[in-house]
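Heads up: the sequence shown begins at 12 in the numbering used here, then just goes up one per residue.
These notes are about the structure you will find just below.
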Amino acid sequence: MKLVNFIRSNSSLQHRLFRSFLDDSSAQYGDLLLHNDVRWLSKGRVLERFWSIRGEALQFLGSLKAKKATDFVDFITDVAKMTTVAFLVDITGYLNELNSQLQGRNKTVIDLRQKCKSFQAKLELFHKDIEAAHLLHFPTLKSILTPGCTVDCLSDFGAFINKLQQE
12 MKLVNFIRSN SSLQHRLFRS FLDDSSAQYG DLLLHNDVRW LSKGRVLERF WSIRGEALQF
72 LGSLKAKKAT DFVDFITDVA KMTTVAFLVD ITGYLNELNS QLQGRNKTVI DLRQKCKSFQ
132 AKLELFHKDI EAAHLLHFPT LKSILTPGCT VDCLSDFGAF INKLQQE
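What follows is the structure, encoded as structure tokens:
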């Protein structure tokens, strides 16, 4: 979130240059979303958008001379950190989907409870998927993992899913 807010909020000139850079490079999106703490769904969408244009963000940040930009370049090029971001993109997508299903009119308590129970079952499935390192339910994470990364890389993600199950 700090990286996104650095690009978007550091200066209006920098933000305009970034949008222009994305237009010139024919990126999938023309801008990054700004994270809003009031709406927690926005964090998942910001992560998703960042993930799709991370290559362009890396090029743009590499062209800046600021110390923070260099730190963010190091962050994007760090495979372990990007692996964590990829996991967060996948898991927040599932959490956002659940949150959207729980909202709206004409929903009974039974419907809401069924959605929550269904998600709890999905979390068990996700945990088994992570433990077995199949990653069928984590396409973003699977796309970045190298063949050398095995259970050691995924143990933290399994622990995170366990915490979600407990909560």
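A virtual CB, placed ideally from N, CA and C, is assigned to each residue, including glycine.
Could you tell me the alpha carbon to alpha carbon distance between residue i and residue j, rounded to whole angstroms?
i: ASN173; j: ASN117; result: 32 angstroms
i: ARG56; j: PHE29; result: 19 angstroms
i: LYS76; j: SER154; result: 30 angstroms
i: ASP140; j: LEU156; result: 14 angstroms
i: ASP89; j: THR119; result: 46 angstroms
i: SER22; j: PHE71; result: 14 angstroms
i: SER63; j: LEU24; result: 23 angstroms
i: LYS128; j: GLY169; result: 19 angstroms
i: MET93; j: MET12; result: 13 angstroms
i: ASP122; j: GLY73; result: 49 angstroms
If distances are taken between C-alpha atoms only, which option among the options comes closest to residue i?
i: THR151; options: ALA97, LEU33 and HIS26; result: ALA97
i: ARG27; options: LYS13, ASP42, VAL15 and ALA38; result: ASP42
i: ALA143; options: CYS164, ARG60 and THR119; result: CYS164
i: ASP167; options: LYS128, ALA91 and GLY73; result: ALA91
i: ASP85; options: PHE130, LEU69 and GLU178; result: LEU69
i: PHE171; options: ARG19, SER129, THR95 and TYR40; result: THR95
i: TYR40; options: SER20, LYS54, SER53 and PHE61; result: PHE61
i: SER53; options: VAL15, ASP122 and GLY73; result: VAL15
CB-CB under 8 angstroms to residue i, same chain, minus the five flanking residues each way: which ones, in chain order?
i: PHE17; result: LYS79, ALA80 and PHE83
i: GLU67; result: PHE32, LEU33, SER36 and ALA38
i: VAL49; result: Only weak support exists for where VAL49 lies, its pLDDT of 47 falling under 50; the value from the coordinates is given anyway. Contacts found: none.
So, for residue i: in the same chain, excluding its five sequence neighbours on each side, which residues have a beta-carbon less than 7 angstroms away from its beta-carbon?
i: ARG65; result: ILE87
i: LYS126; result: LEU109, GLN112 and LEU113
i: LEU99; result: LEU58
Just to confirm the assignment, what range does the alpha helix (DSSP H) spanning residue i have?
i: THR151; result: 150 to 155
i: ARG30; result: 23 to 35
i: ILE18; result: 13 to 20
i: THR95; result: 90 to 113
i: ASP42; result: Premise fails: ASP42 is in no alpha helix (DSSP H) and is neither H nor E.
i: ALA144; result: Where ALA144 is concerned, there is no enclosing alpha helix (DSSP H), given that its DSSP letter is neither H nor E.
i: LEU72; result: 65 to 74
Please return the same chain residues whose Cβ sits closer than 6 angstroms to the Cβ of residue i, not counting the five positions on each side in sequence.
i: PHE149; result: ASP101
i: GLN176; result: LEU134
i: LEU146; result: LEU152 and LYS153
CB of residue i to nearest heavy atom of the ligand NAD: below 7 angstroms?
i: GLN131; result: The ligand NAD is not among the ligands present in this structure, which contains no ligands whatsoever.
Does the contact criterion of 3 or more C-beta pairs under 8 angstroms hold for the segment 99 to 112 versus the segment 133 to 151?
With a cut-off of 8 angstroms on Cβ pairs, the segment 99 to 112 is in contact with the segment 133 to 151, counting three or more such pairs.
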